[in-house]
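Participant: Numbering (the working numbering), first residue to last: 32 to 153.
For each residue, glycine too, the CB sits at the ideal point set by N, CA and C.
These numbers come from a predicted model, not from an experiment.
Mind having a look at this structure? Questions to follow.
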């Protein structure tokens, strides 16, 4: 039996990069996954590559919006019966050093990294 057989994971930022790699590993270990990302097209493509609706679900999710994070949790519970693992992976960068970054860009980074993680932990 694989390490995560029967487990369900929610992964924010799951459409690409580290989030997608985590999802791949979890699925390889027997988990079902719910991917959340602000890019719905990329999230749906990632879920399809992971095995489709029986294994992976895709939702658009802005982690700075608690209702959207709650919808990810609900999708796991409603679709797979439980939520066993929560991976707060969503993150953003801006193409600027601190001295060149605008205040709005800084606020976006802080909101995604801190508020997004807080929303996922509630």
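1. Residue 61 and residue 33 look like a contact to me (Cβ under 8 Å); what is the Cβ gap, rounded to whole Å?
2. Assuming residue 50 contacts residue 120 (C-beta within less than 8 Å), just tell me the rounded distance between them.
3. With H, G and I counted as helix, E and B as strand and the rest as coil, what does DSSP make of residue 87?
4. For residue 141, tell me which candidate among 152, 104 and 125 has the shortest Cα-Cα distance.
5. Verify whether the separation of the beta carbon atoms of residue 87 and residue 56 is less than 8 Å.
6. Helix, strand or coil for residue 82, going by three-state DSSP, please let me know.
7. Of the choices 129, 127, 147 and 116, whose alpha-carbon is the least far from that of residue 37?
8. Give the single residue among 123, 39, 71 and 131 whose Cα lies nearest to the Cα of residue 65.
9. Rank 97, 136 and 47 by C-alpha distance to the C-alpha of residue 79 and give the top, closest one.
10. Within 10 angstroms of the Cβ of residue 98, are there 16 or more other Cβ atoms? Answer buried if so, exposed if not.
Facilitator: Judging by the given coordinates:
1. Residue mapping note: residue 61 aligns to position 30 of the chain shown, counting from 1. Residue mapping note: residue 33 aligns to position 2 of the chain shown, counting from 1. Residue 61 to residue 33, Cβ: 3 Å. Contact.
2. The residue given as residue 50 occupies position 19 in the chain shown. The residue given as residue 120 occupies position 89 in the chain shown. That belief holds up - the Cβ atoms of residue 50 and residue 120 are roughly 4 Å apart, short of 8 Å.
3. For the purposes of this step, residue 87 is identified with residue 56 of the chain shown, where counting begins at 1. Residue 87: strand per DSSP, three-state reduction.
4. Taking the chain shown and counting its residues from 1, the one referred to as residue 141 is at position 110. Minimum Cα distance to residue 141 is reached at 125.
5. Within the chain shown, numbered from 1, the residue matching residue 87 stands at position 56. Within the chain shown, numbered from 1, the residue matching residue 56 stands at position 25. Not in contact: residue 87 and residue 56 (Cβ atoms no closer than 8 Å).
6. The residue you call residue 82 lines up with position 51 of the chain shown. If DSSP states are grouped into helix, strand and coil, residue 82 belongs with coil.
7. Looking up residue 37 in the chain shown gives position 6. If we check each option's Cα against that of residue 37, 116 comes out closest.
8. Here residue 65 refers to the residue found at position 34 of the chain shown. It is 39 whose Cα lies nearest to the Cα of residue 65.
9. Numbered from 1 along the chain shown, position 48 holds the residue referred to as residue 79. The residue with the shortest Cα to Cα distance from residue 79 is 47.
10. Taking the chain shown and counting its residues from 1, one reaches residue 98 at position 67. The residue is exposed, with fewer than 16 neighbouring Cβ atoms inside 10 Å.
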